[in-house]
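Only one structure is covered here, and it is reproduced in the block below.
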Amino acid sequence: MQQLSKTRIKEAKQLLKSDNYSGAYYLAGYSLELSLKACIARKTKKHDFPELNLVRESYTHDLKKLIKIAGLEQTINNQFILDAMFAANWAIAKSWDEKSRYRNFTQSQAQEIIYSITSTGKQILETLDQNGLFFPIAMWMFHSNSNEWRLFFGKEDIHNVGSRGYYQKIQKVLNKINLISDITVSDIYLISTDDEIAMLIKKMIKTGNKVSGKRFGGRVINAYVTPDTYIYRAA
C-alpha cells in the first residue's frame with residue numbers, strides 16, 4: 207500500500223503538470239488514504255490473520271477515522287503543537303474525501319493539497335542536520351515552467367567541491383527515513399549560497415540555523431521577480 211501511495215501522488219503530480227487539476231486533487235487524496243491504510247496494515251504481523259473488526263472499520267475513505275484506527279491521533283495532535291506548518295498542511299489535506307471525484311478544483315487547490323501531502327522537506331532537513339550534514343539554505347521553490355515545487359539545498363562550497371559527494375550523503379540519509387511522498391535524491395537540487403536567488407533570500411530573510419517555515423516570493427528586488435518559495439532556513 208505504501209508503494210501504491212507513492213504511485214498515486216506521482217500520478218497526481220503528472221495530472222497537475224498537464225493542467226488536469228480536479229484529477230490531480232482527487233488522486234492526491236487517495237495517496238494520503240493509502241498511506242494511512244499502510245500504517246493500519248502494519249499492525250498485523252506477517253502470517254497473522256487481521257482482526258475482523260479492524261478490517262471492517264478500515265473499509266472507509268474517512269481520513270479522520272483512519273487516523274484513529276491507525277493509532278496516530280495522539281502523535282498527530284502532538285505534532286500540531288510542535289510544527290505549525292504540519293498543522294496547516296493537515297488542515298488542507300483533511301478536507302479531501304472520496305466525493306471529490308464529483309467536484310471541480312482549481313489549479314491552486316490541486317497545488318495546495320499535493321504540497322500539503324508531500325511536504326517532507328522539513329523532515330529531510332532535520333534528519334540531515336542530525337547526521338552532521340548542515341545546509342544553510344533550504345527551501346521549496348515553485349517553477350512556473352514545469353508547474354511544480356522543487357526542493358533546494360544550498361551549500362557554500364558546491365562550486366568548489368562539486369555536488370556528487372553531497373548527493374551521495376543525502377541518499378544515505380534518505381535510506382534511513384520513511385517518507386510518505388515519492389521524493390528521491392533526484393528531486394533535490396543543490397545550489398551555491400552565492401547563487402543569485404540564495405543571496406536575495408539571505409538578504410531579505412534571516413532564520414538563523416534553526417529549521418523554520420516562511421512563505422516568500424512575488425517581490426521585485428533589483429529588477430528580479432522572486433519566485434514563490436517556502437523557506438526552511440536562510441542562515
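All residue numbers for the sequence shown refer to the numbering used here, where the first residue is 207 and numbers rise by one.
Where is the CB? At the ideal position from N, CA and C, for every residue including glycine.
Computed from a prediction, not measured in an experiment: that's the story for all the values here.
Task: Limits of the alpha helix (DSSP H) - the one that residue 244 falls within - done: Within the sequence shown, numbered from 1, the residue matching residue 244 stands at position 38. Run containing residue 244: 227 to 247, per the alpha helix (DSSP H) assignment.
TODO: Please list, in chain order, all residues of the same chain as residue 273 whose beta carbon is under 7 angstroms from its beta carbon, the five residues on each side excluded.
DONE: Walking along the sequence shown from the start, residue 273 turns up at place 67. Cβ within range, chain order: 242, 279, 282.
Task: Per-residue burial, residue 358 [other beta carbons within 10 Å of its own, 16 or more giving buried] - done: As a first step, residue 358 is located in the sequence shown; it is residue number 152 there, counting from the start. Buried, because 16 or more other Cβ atoms sit within 10 Å of the Cβ of residue 358.
Open item on the list: With three or more beta-carbon pairs closer than 8 angstroms as the criterion, would you say the stretch 255 to 265 touches the stretch 231 to 241?
Closed with: no
TODO: Check the DSSP bridge columns for residue 357 and list the partner residues they point to.
DONE: For this step, residue 357 is matched to residue 151 along the sequence shown. Answer by DSSP bridge pairing, in chain order: 346, 394.
Task: Close-in-space but distant-in-sequence residues of the same chain around residue 398 (CB under 6 angstroms, 5 per side omitted) - done: For this step, residue 398 is matched to residue 192 along the sequence shown. These residues qualify, in order along the chain: 364, 365.
Task: Boundaries (first-last residue) of the alpha helix (DSSP H) holding residue 333 - done: For the purposes of this step, residue 333 is taken as the residue at position 127 of the sequence shown. Where residue 333 is concerned, the enclosing alpha helix (DSSP H) stretches over 327 to 336.
Task: Buried versus exposed, by CB contacts within 10 Å (16 or more), residue 211 - done: As a first step, residue 211 is located in the sequence shown; it is residue number 5 there, counting from the start. Answer is buried; the Cβ neighbour count reaches 16.
TODO: Answer yes or no: do residue 337 and residue 367 have a C-beta to C-beta separation smaller than 8 angstroms?
DONE: Here residue 337 corresponds to residue number 131 of the sequence shown, with the count starting at 1. Here residue 367 corresponds to residue number 161 of the sequence shown, with the count starting at 1. Contact flag unset, no.
- [ ] Pull up the CB-CB distance for residue 439 and residue 331, whole angstroms please, since I reckon it's below 8 angstroms.
- [x] The residue you call residue 439 lines up with position 233 of the sequence shown. The residue you call residue 331 lines up with position 125 of the sequence shown. Residue 439 to residue 331, Cβ: 7 angstroms. Contact.
- [ ] Confirm, please, whether the CB-CB distance from residue 227 to residue 345 is below 8 angstroms.
- [x] As a first step, residue 345 is located in the sequence shown; it is residue number 139 there, counting from the start. As a first step, residue 227 is located in the sequence shown; it is residue number 21 there, counting from the start. Cβ distance not < 8 angstroms, so residue 345 and residue 227 don't count as in contact.
Open item on the list: What does DSSP give as the partner residue(s) for residue 435 in the beta ladder?
Closed with: Locating residue 435 in the sequence shown gives position 229, counting from the first residue. For residue 435, which the question treats as bridged, DSSP gives the partners 347, 422.
Task: Assigned exposure category for residue 223 - 16 Cβ within 10 Å defines buried - done: One-based indexing of the sequence shown puts residue 223 at position 17. Burial call: exposed.
Task: Where the alpha helix (DSSP H) containing residue 211 begins and where it ends - done: Counting from 1 along the sequence shown, the entry for residue 211 is found at position 5. That run of the alpha helix (DSSP H) goes 208 to 223.
Task: Rounded C-alpha distance that separates residue 354 from residue 216 - done: Reading the sequence shown from its first residue, position 148 is the one you call residue 354. Reading the sequence shown from its first residue, position 10 is the one you call residue 216. When rounded, the distance between both Cα atoms is 12 angstroms.
Open item on the list: Rounded to whole angstroms, what is the Cα-Cα separation between residue 266 and residue 304?
Closed with: For the purposes of this step, residue 266 is taken as the residue at position 60 of the sequence shown. For the purposes of this step, residue 304 is taken as the residue at position 98 of the sequence shown. If you take the alpha carbons of residue 266 and residue 304, they lie about 10 angstroms apart.
TODO: Just confirm the distance between the C-beta atoms of residue 343 and residue 404, as a whole number of angstroms; I'd bet it's less than 8 angstroms.
DONE: Position 137 of the sequence shown, counted from the first residue, corresponds to residue 343. Position 198 of the sequence shown, counted from the first residue, corresponds to residue 404. Yes, residue 343 and residue 404 are in contact; Cβ-Cβ is about 5 angstroms, under 8 angstroms.
Task: Pair within 8 angstroms by beta-carbon distance, residue 376 and residue 406 - done: Counting from one through the sequence shown, the residue named residue 376 turns up at place 170. Counting from one through the sequence shown, the residue named residue 406 turns up at place 200. Contact flag unset, no.
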